[in-house]
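Notes to accompany the following structure.
Protein chains in written order, with our numbering: chain A, 1 to 420; chain B, 1 to 420.
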């Protein structure tokens, strides 16, 4: 395809999505739920085609030498596909955020002001290998009244196309507006740049994938981007911590699922209890094969590799933990505000006052007291579903559910009030 | 200055602002108000220096041939400067948004979740000639706990420097953290590009000025930008409108202050009452020297110039009104969703049900029923002050007050809960 053809096709999708967004904005909750259930049915009906398409992606991936972890992320099987369909049905059970009155008040001149939740409009999702994102992102956007333009990675293109076809075919039977869910059917890199420049038709882009993808989108985008960057999460063990609780929280935060963004990466230990605490936690972590990298003070108390400056700003996503002994809570706060990716940090202490002081001085999306970092998650927060965890501070911060996929509108009513 | 020097200096300001933001985030409301009052005093103390500096800007402007409108925007006199100081004092009386609990709930596992309003961090303000923006923007950001980096236009550089010096000198006496309010002291164009790339230190940029400035910032910025684009505002006179009310609202919306973004630019008249209504409204508007530009149907009923396609998407900010006769409410809605800048639109009708249908189908920040568009304003909404009117849909939409200058943080408390 030529650049012109790519641009024309993507802009044409944008125009259709904008029209669909206006139709979606006024669909009732009941109608949207009917569409969602029909979409789940669409996936189940098309299971043979989707699995066949996925088989082609897997074969191509094997040929291109993808790692087994990458192939696993790419693979769909009947159980996984059923989970995707069930996920669509679950979104139908979640409350519709659209139409919620956020605030309302009257002015002295008698005009009545209402701030009401409305959809954002058209959301672009640019993502990498996992084909389930095609369905997850599209249905969350749909439930919140938004149209989507999906742009998946080349590894999953056959699976993505089959899934999008199934969602559309199912949804259209129940009245899904045309253009509400569209997948860019080719994977030319240029399509990302075209989307990023299409601010007339796209209100928001959410990139889901590695740092390289996010960087590319950020540097090109003319519209807002909600970023889901690294989770360099910290735990600070305060001088008044319950040591057994501290061990439990550190071990859970680090080892319960090390490959995710809310896993612990750096442990800060107050020097007041370091000599007692470090051997306790090191024993459990070492038994779980976690590699420890410590600063000089740490390495005087336990066996650990030497941590370098780079370790403090690395998201391992692996069985590795950086450890530093700090002289005070202030030193812990300073370290976190310097190196954290502003995702999730936890303090362990029995002193509620100190905990409150810590929480209020940390500039991160989620600040925890005596809780594992692994609870920094839309499901765990009770949102029912999650489109990601924003490390941005504008519009949405931390776990993003359906409400975070909405904007608002002021509706003002009067009886002929004028200013003159 | 070389590019390197500009970059170094702006980055150095960014670093200082980041440190100041952490200090500002935990200042009490009382302390912030003391600082604001001291800043107002700072302006009054430095009045001779500020007026002298402004005199130099005016002289330079005259030499450069600025229009009298531009010179007027630039000019400070003792009354205007007193209004600036009084504006600072007024912000001290507004409620502090920081610390407000937006929501809180407990999870079945016993963890307690609080969503709490916090400052955004560091806000960059890039603006053009009006020197009062230096003070207005800085104090609104300060009250909401944010540090600011201000970058004003070259026409007002002496006034801006003198104002920023006065704010800092006054504020520091009351404990304003160093680096909380900083003005870039030079006006090289490159400083805008440096700010736009400095996402490590700037959480948000708000450009205040013409379309060209906003476009430049949007195309360069790596961080969120809240845009205040045009107001191409529409009034739709529905078939069941009270004609006298409709005349009153149209005349007020168009003529009460034509130079502002919430002034009316396009009038859509339902064909059911066009023949009766158009002569009524045209008589009043013509008496007020408003130039009318109508479509073919309009020009059969009243005297008007021929409107071109361009008129439907023009923000006149002047005594000009585009007029179109529409066959139905749906046609009015379609016209607005096609041409509007999503700022403010109004329907005039006695039929509440039709009004509700109109309001819910218009994708604009503010939708009004039987109210002049001139009420689309932070002061009129009761916000006490306004940093602008956002035409964006993310984070802040419509009039922006102090709350719109904040983000939120999740604070989670538990008793050692872990996920494993």
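Ideal Cβ placement from N, Cα and C applies to all residues, glycine included.
The model shown is predicted, which means the values in this text are computed figures rather than measured ones.
ask   = So, residue 335 of chain B versus residue 376 of chain B, is the Cβ gap smaller than 8 Å?
value = Here residue 335 of chain B corresponds to residue number 335 of the second chain, with the count starting at 1. Here residue 376 of chain B corresponds to residue number 376 of the second chain, with the count starting at 1. No, the Cβ-Cβ distance between residue 335 of chain B and residue 376 of chain B is not below 8 Å.
message = Checking 8 Å against the spacing of the C-beta atoms, do residue 44 of chain B and residue 85 of chain B come in under that value?
response = Numbered from its first residue, the second chain carries residue 44 of chain B at position 44. Numbered from its first residue, the second chain carries residue 85 of chain B at position 85. Closer than 8 Å, so yes.
key: DSSP-derived helix/strand/coil call for residue 257 of chain A   = Translated into the one-based positions of the first chain, residue 257 of chain A becomes position 257. Note: residue 257 of chain A maps to coil in three-state DSSP.
message = Taking 6 Å as the limit between beta carbons, can you name the residues of its chain near residue 137 of chain B, skipping five residues before and five after?
response = On the second chain, position 137 is the one that residue 137 of chain B refers to. Around residue 137 of chain B: 125.
ask   = How big is the Cα-Cα spacing for residue 78 of chain B and residue 53 of chain B?
value = Along the second chain, one-based indexing puts residue 78 of chain B at 78. Along the second chain, one-based indexing puts residue 53 of chain B at 53. About 13 Å.
query = Counting pairs of beta carbons, one from the region 228-246 of chain A and one from the region 343-355 of chain A, are three or more of them closer than 8 Å?
reply = yes
query = So residue 129 of chain A and residue 183 of chain A are in contact, right, with Cβ under 8 Å, and what is the actual spacing, rounded?
reply = Locating residue 129 of chain A in the first chain gives position 129, counting from the first residue. Locating residue 183 of chain A in the first chain gives position 183, counting from the first residue. Going by Cβ atoms, the distance from residue 129 of chain A to residue 183 of chain A rounds to 15 Å, so no, they are not a contact pair.
task = Compute the Euclidean distance between the alpha carbons of residue 5 of chain B and residue 152 of chain B, then round it to the nearest angstrom.
result = For this step, residue 5 of chain B is matched to residue 5 along the second chain. For this step, residue 152 of chain B is matched to residue 152 along the second chain. Taking the straight line from one Cα to the other gives about 19 Å.
request  = Look at the alpha carbon of residue 340 of chain A and the alpha carbon of residue 7 of chain B, and state the distance between them as a whole number of angstroms.
outcome  = Your numbering for residue 340 of chain A matches position 340 in the first chain. Your numbering for residue 7 of chain B matches position 7 in the second chain. Going by the C-alpha atoms only, they are around 24 Å apart.
query = Do you know whose CA, among A:42, A:394, A:221, A:55, lies nearest residue 72 of chain A's CA?
reply = Within the first chain, numbered from 1, the residue matching residue 72 of chain A stands at position 72. Among A:42, A:394, A:221, A:55, the Cα nearest to that of residue 72 of chain A belongs to A:55.
request  = My understanding is that residue 134 of chain A touches residue 164 of chain A, with C-beta atoms under 8 Å, so please give their C-beta distance in whole angstroms.
outcome  = For the purposes of this step, residue 134 of chain A is taken as residue 134 along the first chain, with counting starting at 1. For the purposes of this step, residue 164 of chain A is taken as residue 164 along the first chain, with counting starting at 1. Rounded, the Cβ-Cβ distance is 6 Å, consistent with contact.
ask   = Is there contact here, the region 318-326 of chain B with the region 287-306 of chain B, by at least three beta-carbon pairs under 8 Å?
value = yes
query = Is there at least one Cβ from chain A nearer than 8 Å to residue 219 of chain B's Cβ?
reply = Working through the second chain from its first residue, we reach residue 219 of chain B at position 219. At least one chain A Cβ lies under 8 Å of residue 219 of chain B.
Run of the beta strand (DSSP E) containing residue 324 of chain A, from where it starts to where it stops = Against the first chain, residue 324 of chain A aligns to sequence position 324. Looking at the DSSP string, the run of the beta strand (DSSP E) that includes residue 324 of chain A is 320-326.
inquiry  = With H, G and I counted as helix, E and B as strand and the rest as coil, what does DSSP make of residue 290 of chain A?
reply    = By one-based count along the first chain, residue 290 of chain A stands at place 290. Of the three classes helix, strand and coil, the one that applies to residue 290 of chain A here is coil, per DSSP.
ask   = Which chain A residues sit within Cβ distance under 8 Å of residue 421 of chain B?
value = The structure shown does not extend to residue 421 of chain B, since chain B spans only 1 to 420, so no value can be given for it.
ask   = How would you call residue 244 of chain A, buried or exposed, if buried means at least 16 neighbouring beta carbons within 10 angstroms?
value = Residue 244 of chain A sits at position 244 when you count from the first residue of the first chain. Exposed, since its Cβ has fewer than 16 Cβ neighbours within 10 Å.
key: contact_flag[the region 11-20 of chain B, the region 190-201 of chain B] where n(CB pairs < 8 Å) is 3 or more   = yes
ask   = Are the C-beta of residue 415 of chain A and some C-beta of chain B separated by less than 8 Å?
value = In the first chain, residue 415 of chain A corresponds to position 415, counting from 1. It does: the Cβ of residue 415 of chain A has a partner Cβ on chain B nearer than 8 Å.
inquiry  = To the nearest angstrom, how far is the alpha carbon of residue 179 of chain A from that of residue 400 of chain B?
reply    = By 1-based counting over the first chain, the position of residue 179 of chain A is 179. By 1-based counting over the second chain, the position of residue 400 of chain B is 400. Whole-angstrom Cα-Cα distance: 33 Å.
key: chain B contact residues for residue 312 of chain A, given Cβ-Cβ distances below 8 Å   = In the first chain, the residue the question calls residue 312 of chain A occupies position 312. What residue 312 of chain A touches in chain B: nothing, since even the nearest Cβ is about 16 Å away.
ask   = At a CB-CB cut-off below 7 Å, which residues of chain A make contact with residue 372 of chain B?
value = Locating residue 372 of chain B in the second chain gives position 372, where the first residue counts as 1. Simply 417, 418, 419.
task = Decide if the region 81-98 of chain B is in contact with the region 22-33 of chain B; the criterion is three or more beta carbon pairs, one per stretch, under 8 Å apart.
result = yes
ask   = Relative to chain A, which residues along the region 254-267 of chain B have a C-beta separation below 7 Å, given in chain order?
value = 256
query = Got a sec, what are the start and stop residues for the alpha helix (DSSP H) residue 54 of chain A sits in?
reply = As a position in the first chain, residue 54 of chain A is number 54, starting the count at 1. Where residue 54 of chain A is concerned, the enclosing alpha helix (DSSP H) stretches over 47-63.
ask   = Thinking C-alpha only, which one of A:90, A:417, A:160 is nearest residue 51 of chain A?
value = Taking the first chain and counting its residues from 1, one reaches residue 51 of chain A at position 51. Residue A:160 is the option with its Cα nearest to residue 51 of chain A.
ask   = Along the region 351-375 of chain A, what residues have a CB closer than 8 Å to any CB found in chain B?
value = 355, 359, 360, 361, 363, 364, 365, 366, 367, 368, 369, 370, 371, 372, 374, 375
query = When the distance is taken between beta carbons, is residue 418 of chain B closer than 8 Å to residue 491 of chain A?
reply = There is no way to answer for residue 491 of chain A, as the model of chain A reaches only from 1 to 420.
message = Just list the residues that DSSP pairs residue 270 of chain B with in beta bridges.
response = Within the second chain, the letter at position 270 stands for residue 270 of chain B. In DSSP, residue 270 of chain B forms a bridge with B:326.
task = Closer than 8 Å by C-beta to residue 251 of chain A: which residues in its own chain qualify, once you throw out the five before and the five after it? Chain order, please.
result = If you number the first chain from 1, residue 251 of chain A lands on position 251. Correct list, in chain order: 281, 284, 285, 288.
ask   = Along chain B, in chain order, which residues have C-beta atoms closer than 7 Å to that of residue 97 of chain A?
value = The sequence position of residue 97 of chain A within the first chain is 97, counting from 1. What residue 97 of chain A touches in chain B: nothing, since even the nearest Cβ is about 13 Å away.
message = Let's see if you can read the secondary structure: which residues bound the beta strand (DSSP E) around residue 371 of chain A?
response = To locate residue 371 of chain A, count along the first chain from 1; it is residue 371. Here the beta strand (DSSP E) through residue 371 of chain A covers 366-371.
inquiry  = At a CB distance below 7 Å, what residues from the region 287-313 of chain B approach chain A? Give them in sequence order.
reply    = none
request  = Can you say whether residue 80 of chain A is buried or exposed, counting buried as having 16 or more other CB atoms within 10 angstroms of its CB?
outcome  = Numbered from its first residue, the first chain carries residue 80 of chain A at position 80. When all chains shown are included, residue 80 of chain A counts as exposed.
inquiry  = Checking 8 Å against the spacing of the C-beta atoms, do residue 218 of chain A and residue 143 of chain A come in under that value?
reply    = Walking along the first chain from the start, residue 218 of chain A turns up at place 218. Walking along the first chain from the start, residue 143 of chain A turns up at place 143. Against a cut-off of 8 Å, the Cβ pair of residue 143 of chain A and residue 218 of chain A comes out as no contact.
inquiry  = If you follow the beta strand (DSSP E) that residue 229 of chain B is in, where does it begin and where does it stop?
reply    = Translated into the one-based positions of the second chain, residue 229 of chain B becomes position 229. Looking at the DSSP string, residue 229 of chain B is not in any beta strand (DSSP E), and its letter there is neither H nor E.
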